[in-house]
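Number of protein chains: 2
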Amino acid sequence: MLDIAEVAEKSGLAPSALRFYEKKGLLSSSGRNGLRRTYDPEVLSRLTMITCARRAGFTIAEISRFLVAMPGDAATRAKMADKARLLDEDIARLRRMRDSLDHAATCTHEPLVECPDFKRALAP
Amino acid sequence: MLDIAEVAEKSGLAPSALRFYEKKGLLSSSGRNGLRRTYDPEVLSRLTMITCARRAGFTIAEISRFLVAMPGDAATRAKMADKARLLDEDIARLRRMRDSLDHAATCTHEPLVECPDFKRALAP
DNA sequence: GTGCGACTTGAAGCGCGGTTCAAGTCAAGC
DNA sequence: GCTTGACTTGAACCGCGCTTCAAGTCGCAC
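From first to last, the protein sequence lines stand for chains S and E. According to the working numbering, the first sequence is numbered sequentially starting from 126. According to the working numbering, the second sequence is numbered sequentially starting from 126.
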């Protein structure tokens with residue numbers, strides 16, 4: 126069993142964030158030692174997932190809905206597939222942005238914002 | 126010349142957002158008709174860029190720094206290249222998240238969060 | 001000249017994702 | 001038993017990216 130400081134250190138999250146996630150239903154401490162939360166080591170992989178999902182642009186509320194999903198929950202499954210398609214669009218957008226930035230870093234247009242290559246890449 | 130309502134409609138942004146961007150230095154109205162802002166049609170492509178950059182995760186402050194970049198500004202160029210490399214990481218993360226969601230949509234593990242395939246995809 | 005309505009301003013408010021703070025509780029070491 | 005210090009709580013606060021609101025100003029039609 127881990128205490129909150131250990132989980133914070135291993136997950137890279139602040140203790141306040143862990144308590145915040147618990148209040149929001151993303152996380153549960155597995156028990157208490159007195160007042161103090163104790164955590165099953167398994168929470169670490171859950172936190173990895175949560176952090177990854179957050180960085181992919183999911184809100185706390187979305188993540189908490191997905192984390193309770195069961196195989197029989199067709200509606201949630203469908204939403205996951207929908208989200209995957211939205212991520213496809215995000216990925217395409219980020220790729221264009223990256224290519225524009227790569228171009229911008231060497232382009233000699235003055236001012237940069239007027240470069241036709243730069244603009245074309247961003248406004249398909 | 127366009128007025129704020131026209132720019133709002135064509136750009137898909139709220140008039141309040143246009144005023145907000147102007148206050149933050151991302152945008153400038155080209156003049157006034159009395160009190161009212163008038164816009165050069167060229168702002169539309171600038172807004173397209175801004176919206177794209179926002180959706181790629183850039184903050185207002187970052188975008189405004191990039192938009193004033195000149196070819197001679199080596200420091201800003203370098204930052205653009207750095208940002209492009211960060212986007213590479215974001216893109217990789219989003220791809221993993223998308224693949225996990227695609228898997229999750231059909232996986233029969235109970236509960237889903239325990240599926241080893243799902244976890245492996247998210248925690249490389 | 002007198003409405004009307006779409007604009008103007010600054011200030012306040014909101015949802016998100018937390019952090020910070022004050023006050024209190026508890027386990028462990030002396 | 002008493003201190004110490006890491007935890008606990010709820011409430012207040014923060015930065016971001018806007019939106020909303022109240023009060024005021026203007027162009028234009030009548």
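Note that CB positions come from ideal geometry on N, CA and C, so glycine has one too.
Straight-line gap, residue i to residue j (C-alpha atoms, nearest Å)
i, j, result
"Arg161 (chain S)", "Arg180 (chain S)", "29 Å"
"Lys149 (chain E)", "Ala229 (chain S)", "23 Å"
"Arg144 (chain E)", "Met126 (chain E)", "17 Å"
"Ile188 (chain S)", "Ser141 (chain S)", "18 Å"
"Val168 (chain E)", "Glu239 (chain E)", "50 Å"
"Asp227 (chain E)", "Thr233 (chain E)", "13 Å"
"Ser154 (chain S)", "Cys177 (chain S)", "20 Å"
"Asp198 (chain E)", "Phe191 (chain E)", "10 Å"
"Gly182 (chain E)", "Gly156 (chain E)", "31 Å"
"Asp165 (chain E)", "Arg221 (chain S)", "26 Å"
"Thr163 (chain E)", "Ser225 (chain S)", "29 Å"
"Ile129 (chain S)", "Leu247 (chain E)", "23 Å"
"Arg202 (chain E)", "Tyr146 (chain E)", "23 Å"
"Asn158 (chain E)", "Leu138 (chain E)", "21 Å"
"Thr231 (chain E)", "Thr231 (chain S)", "45 Å"
Backbone secondary structure at residue i - three-state DSSP
i, result
"Thr163 (chain E)", "strand"
"Leu127 (chain S)", "strand"
Integer-rounded CB distance, given that residue j should sit under 8 Å from residue i
i, j, result
"Glu235 (chain E)", "Pro196 (chain S)", "5 Å"
"Leu151 (chain E)", "Ile185 (chain E)", "6 Å"
"Arg223 (chain E)", "Ile216 (chain S)", "7 Å"
"Leu212 (chain S)", "Leu212 (chain E)", "Not confirmed; about 15 Å, so no contact."
"Leu237 (chain E)", "Ala200 (chain S)", "Between Ala200 (chain S) and Leu237 (chain E) the Cβ distance is about 14 Å, and since that is not below 8 Å, they are no contact."
Would the region 237-244 of chain S and the region 129-140 of chain E be scored as touching if the rule is three or more Cβ pairs under 8 Å? no
Do the region 203-223 of chain E and the region 167-180 of chain E make contact, defined as three or more Cβ pairs closer than 8 Å? By the Cβ criterion, the region 203-223 of chain E is not in contact with the region 167-180 of chain E, since fewer than three pairs of Cβ atoms, one from each stretch, lie closer than 8 Å.
Just list the alpha helix (DSSP H) runs in the region 176-211 of chain E, keeping only unbroken ones of 4 residues or longer that don't cross its boundaries, in chain order. Taken in chain order, the complete alpha helix (DSSP H) segments of 4 residues or longer contained in the region 176-211 of chain E are 185-192.
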